[in-house]
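Quick notes on the structure that follows.
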Amino acid sequence: MTLLKQPAATSPARPAARTRTRRGRTDRKPRILISVTALFFALLYLPIAVVALFSFNSKKSLTVFGGFSLRWYRAFVHDDVLIASLGTSLRISLVAMAGSVLLGVALALGLVRCRTRLGSLAGLIMLVPLITPEIVTGVASMLLFKGLGVALSTATVMLSEITFSISYVTVILRSRVAALNPEVEEAAMDLGATRWQAVRLVTLPALLPAVLASAVLIFALVFDDFVLAYFTTGVDPQPLSVRIYSAIRFGVQPTINAVGTLMLAGSIALIALALFIPRLFGRRGGLDLLSGE
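When we follow our numbering, the leftmost residue of the sequence shown carries the number 14, and every step to the right adds one.
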């Protein structure tokens, strides 16, 4: 009797091998994208690294590195003009931080609690400074002060920075206020607290992590700001960023490298602190700060 040949069973090894091959090709990262990303970060951070390196140069040269030295940092400490500008920048940052946080908290509470069309319109207007080029804001602020006959000074810089920074504080705090349970505040009023006492004793303590984080972030942003300070500052004393620009116009000095490195290190430390503050209060930190969580 003739035995019929059974058709050969399809081996599952080949499809599995093909699947693994296709999956391996999919998971493989394109080399061109890695190269473009590396080139982007190199172009972005290499000049900053060069400035930081030459701030420790023992020679008075911006092209030849003669060895590590703190010569230019000591020169910065003994430069009365730069130290005075540093003090001016610190005062402007502190005042702008306090004013923008105070007004930003009130604005965030009002935008969340106001359910009318006027509240929606105010929320839209609040976002305008975030999308407006800073140079436009700087020129507009200068023209406003000139039109009102107000002389440009440190006070005008403070007013401009406060106005510009309110939107950042409001954006950070607005979603945090919306996440609060209004029943907690209502319970406090049922227990005898007034509206203001409920806000002061219940709502504001719940917002404290986001308020502190936004305050530190605003301080860092205002301290490094140049465009708005340039258009609204007076002759003297000038903020540190404007003073550095004025010095660079007559030639880059090695002291400027030391000042820039210190400003960069201070800004990085402040932003890291702002991102870490929510974790101190048992909340998520990191980039969640931008959403006020």
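Heads up, the beta-carbon is just placed ideally off N, CA and C, and yes, glycines get one too.
{"Query": "Where do the N-terminal and C-terminal ends of the alpha helix (DSSP H) with residue 187 fall, by residue?", "Result": "167–192"}
{"Query": "DSSP state of residue 78, grouped into three classes?", "Result": "coil"}
{"Query": "Could you please give me the residues that DSSP links to residue 70 through a beta bridge?", "Result": "81"}
{"Query": "Please state whether DSSP places residue 271 in a helix, a strand or coil.", "Result": "helix"}
{"Query": "Just mark residue 271 as buried or exposed, buried being the case when its beta carbon has 16 or more other beta carbons within 10 Å.", "Result": "buried"}
{"Query": "Please tell me whether residue 13 and residue 239 are closer than 8 Å, where the distance is taken between their beta carbons.", "Result": "The first residue shown for the chain is 14 and the last is 306, placing residue 13 beyond what the model contains."}
{"Query": "Tell me the rounded alpha-carbon separation between residue 223 and residue 134.", "Result": "24 Å"}
{"Query": "Return yes when the Cβ of residue 155 is within less than 8 Å of the Cβ of residue 109, no when it is not.", "Result": "no"}
{"Query": "Keeping to the same chain, check which residues put their C-beta closer than 7 Å to that of residue 163; ignore five residues upstream and five downstream.", "Result": "169"}
{"Query": "List the whole-angstrom C-beta distance separating residue 217 from residue 189, where the pair is believed to meet the contact cut-off of C-beta under 8 Å.", "Result": "Actually they are not in contact, since the Cβ atoms of residue 217 and residue 189 sit about 11 Å apart, beyond 8 Å."}
{"Query": "Within 10 angstroms of its Cβ, does residue 209 collect 16 or more other Cβ (buried), or is it exposed?", "Result": "exposed"}
{"Query": "What residue does the alpha helix (DSSP H) around residue 245 start on, and which one ends it?", "Result": "240–245"}
{"Query": "What are the start and end residues of the alpha helix (DSSP H) that includes residue 92?", "Result": "Taken as a continuous stretch (DSSP letters only), residue 92 belongs to no alpha helix (DSSP H), as it is neither H nor E."}
{"Query": "Can you look up residue 146 in the DSSP assignment and give me helix, strand or coil?", "Result": "coil"}
{"Query": "Compare the C-alpha of residue 311 against each of 262, 290, 242 and 215 and name the closest.", "Result": "Within the shown structure, residues of the chain are numbered from 14 to 306, placing residue 311 beyond reach of any answer."}
{"Query": "What residue does the alpha helix (DSSP H) around residue 203 start on, and which one ends it?", "Result": "195–203"}
{"Query": "Helix, strand or coil, according to DSSP, for residue 303 in the structure here?", "Result": "Note on residue 303: pLDDT 49, under 50, position unreliable in the model; the coordinate value appears next. Residue state, collapsed to three classes: helix."}
{"Query": "With distances taken between CB atoms, is the gap from residue 167 to residue 257 smaller than 8 Å?", "Result": "no"}
{"Query": "For residue 269, which residues of its own chain have a beta-carbon under 7 Å away from its beta-carbon, when the five flanking residues on both sides are left out?", "Result": "257, 260 and 261"}
{"Query": "Measure how close the beta-carbons of residue 81 and residue 74 come, nearest whole angstrom, since I'm counting them as under 8 Å.", "Result": "Actually they are not in contact, since the Cβ atoms of residue 81 and residue 74 sit about 14 Å apart, beyond 8 Å."}
{"Query": "Tell whether a beta-carbon distance below 8 Å holds between residue 290 and residue 229.", "Result": "yes"}
{"Query": "So residue 235 and residue 215 are in contact, right, with Cβ under 8 Å, and what is the actual spacing, rounded?", "Result": "About 30 Å; that fails the 8 Å criterion."}
{"Query": "Quick one: residues in its chain with C-beta nearer than 6 Å to the C-beta of residue 287, no 5 flanking neighbours on either side, listed in chain order?", "Result": "226, 229 and 230"}
{"Query": "With DSSP as the reference, label residue 218 as helix, strand or coil.", "Result": "helix"}
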